[in-house]
Amino acid sequence: MNNQNPLTAGREALLARLSTISVADGYLTNVGANVHSGWLNEVIKAQTVAYPLLVVQPGRGQPPAAGPGAIKLQPGFRIVGAVEAGTSYESALEDLQLDVMRCLLPGHKNFLKWLPLGVTGIQFGTPDAFPPGDGLSCATFLLPVYLTTLIQQ
Numbered sequence: 011m012n013n014q015n016p017l018t019a020g021r022e023a024l025l026a027r028l029s030t031i032s033v034a035d036g037y038l039t040n041v042g043a044n045v046h047s048g049w050l051n052e053v054i055k056a057q058t059v060a061y062p063l064l065v066v067q068p069g070r071g072q073p074p075a076a077g078p079g080a081i082k083l084q085p086g087f088r089i090v091g092a093v094e095a096g097t098s099y100e101s102a103l104e105d106l107q108l109d110v111m112r113c114l115l116p117g118h119k120n121f122l123k124w125l126p127l128g129v130t131g132i133q134f135g136t137p138d139a140f141p142p143g144d145g146l147s148c149a150t151f152l153l154p155v156y157l158t159t160l161i162q163q
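Residue numbers (the working numbering): 11 to 163.
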């Protein structure tokens with residue numbers, strides 16, 4: 011019997027999946043070597059920062075739905091991608107966003123093999139992009155994601 015919390019397992023699977031992004035695997039960036047969990051401002055302050063980088067932040071989930079003997083949760087995360095500010099940061103940000111979307115591309119009619127037991131799918135919210143400023147020397151994009159998670163007794 012697996013006693014791992016499916017909410018934790020889902021978050022860890024999301025981090026592991028994003029860590030697979032590399033040019034060697036057909037992506038445009040090597041951001042997979044620079045994936046963090048936490049808050050962007052803390053990651054930037056806590057260490058020497060290399061770009062591009064991804065930070066998976068906790069986010070607002072979707073309302074739970076009760077069913078017979080189970081609850082469907084959709085915990086939310088904000089994937090924040092950051093690139094160095096410069097003359098062509100828009101293109102670098104678009105490359106990073108494309109890599110994240112391709113990496114997490116939902117399967118149709120099939121469960122995603124990278125998701126753990128109990129986590130049945132992923133949904134995306136509306137992405138947004140932000141220029142450098144407000145104390146940040148990097149350009150960022152934000153992609154809300156929701157992991158469909160079934161909690162059973």
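From the three backbone atoms N, C-alpha and C, an ideal C-beta is built for every residue, glycine too.
Within its own chain, the residues whose Cβ lies closer than 8 angstroms to the Cβ of Leu103, once the five positions on either side in sequence are excluded, are Gly91, Val93, Ala139, Ala149, Thr150 and Phe151, listed in chain order.
When the Cα atoms are used, Val33 and Gly77 turn out to be separated by approximately 43 angstroms. Per the C-alpha coordinates, the member of Ile89, Gln14 and Thr18 positioned closest to Leu50 is Ile89. Using a Cβ distance threshold of 9 angstroms, Val129 and Phe87 do not count as a contacting pair. Going by C-alpha positions, Leu146 is about 15 angstroms away from Leu64. Under the rule that a run must span 4 or more residues, the alpha helix (DSSP H) segments found entirely inside the region 85-115 read 99-114. Counting the other CB atoms within 10 Å of its CB gives Ile132 a total of 16 or more, which places it among the buried residues. Just so you know, the alpha carbons of Leu28 and Gln163 end up roughly 30 angstroms apart.
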